[in-house]
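What follows is a single structure, written as structure tokens, with notes after it.
Residue numbers (UniProt numbering): 1 to 208.
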């Protein structure tokens, strides 16, 4: 069963040089190994994040990557292939938590770069109004969106990808399909937890 992705900051993050006050002297390695003085500011330990997940909703961004034609119409919609916790291959979207002291725009760009590489060249939206908000619950049946680990609130965006994708981190491959292709329904049926419904809403929002 696919779940919302987690991540730690990477030394290749596009905004690594941005002034962050108390974060200025925190390195990416600190987030992985610790600073020697405990976790970096605002970063929770594995135990703390699991406890937090059981007590409050967690904010996420969820991105539907698309390729567009010369008129800006969606020509292809992308999905990611990953290895699930049980060892199976799952099909999902680009998802990730919004980190402490991070803007939504930065979270969108960082999560795209983490899954698709630095040369994916996403065309970030001019506005930050999501096309839908997906509320994932850890209890099946409360909504069409399900994440067994947590109550997650995902702001969903359609983001055109203008560059080349080099899948990395937990992403094995990116597969593209035209909105009018018969294969689209096969892809959507393989996306558990409600991610397929998000793609359908994304295409309807884009007028397709």
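In this text, a Cβ means the ideal position worked out from N, Cα and C, and glycines have one as well.
Please confirm whether residue 77 and residue 162 have their CB atoms less than 9 angstroms apart.
Residue 77 sits at position 77 when you count from the first residue of the chain shown. Residue 162 sits at position 162 when you count from the first residue of the chain shown. In this structure, residue 162 does not lie closer than 9 angstroms to residue 77 by Cβ.
Where are the beta strand (DSSP E) runs, 3 residues long or more, that stay fully inside the region 137 to 190, in chain order?
Whole beta strand (DSSP E) segments, 3+ residues: 152 to 160 and 171 to 177.
Compute the distance between the beta-carbons of residue 171 and residue 115, then report whether it is under 9 angstroms.
Numbered from its first residue, the chain shown carries residue 171 at position 171. Numbered from its first residue, the chain shown carries residue 115 at position 115. Contact flag set, yes.
Quick check on residue 66: does DSSP put it in helix, strand or coil?
In the chain shown, counting from the first residue as 1, residue 66 sits at position 66. In this structure, residue 66 counts as strand in the three-state DSSP scheme.
Can you tell me whether residue 175 is buried or exposed? The criterion is at least 16 other CB atoms within 10 Å of its CB, across all chains shown.
Residue mapping note: residue 175 aligns to position 175 of the chain shown, counting from 1. Burial call: exposed.
Residue 132: which of 52, 83, 206 and 56 sits nearest, CA to CA?
Along the chain shown, read from residue 1 onward, the residue named residue 132 stands at position 132. The shortest Cα separation from residue 132 among 52, 83, 206 and 56 belongs to 206.
Taking the beta carbon of residue 295 as the centre, do at least 16 other beta carbons fall within 10 Å, making it buried, or is it exposed?
Because residue 295 is not part of the residues shown, which for the chain are 1 to 208, the question remains open.
Give every residue of the same chain whose Cβ lies closer than 7 angstroms to the Cβ of residue 126, excluding the five residues on either side of it in the sequence, and list them in chain order.
Numbered from 1 along the chain shown, position 126 holds the residue referred to as residue 126. Within the same chain, residue 126 has no close Cβ partners at all.
May I ask you to list the residues that DSSP assigns as paired with residue 193?
In the chain shown, residue 193 corresponds to position 193, counting from 1. Beta-bridge pairing links residue 193 to no other residue.
Cα separation between residue 63 and residue 130?
Locating residue 63 in the chain shown gives position 63, counting from the first residue. Locating residue 130 in the chain shown gives position 130, counting from the first residue. Each residue's Cα considered, the two are about 10 angstroms apart.
Just to check my reading of the structure: residue 168 and residue 117 have Cβ atoms closer than 8 angstroms, yes? What is that Cβ distance to the nearest angstrom?
Walking along the chain shown from the start, residue 168 turns up at place 168. Walking along the chain shown from the start, residue 117 turns up at place 117. Confirmed, Cβ separation roughly 6 angstroms.
Excluding sequence positions up to five away, which residues of its chain have a Cβ less than 7 angstroms from the Cβ of residue 74?
For the purposes of this step, residue 74 is taken as residue 74 along the chain shown, with counting starting at 1. So the qualifying residues of the chain are 66, 68, 179, 203, 206 and 208.
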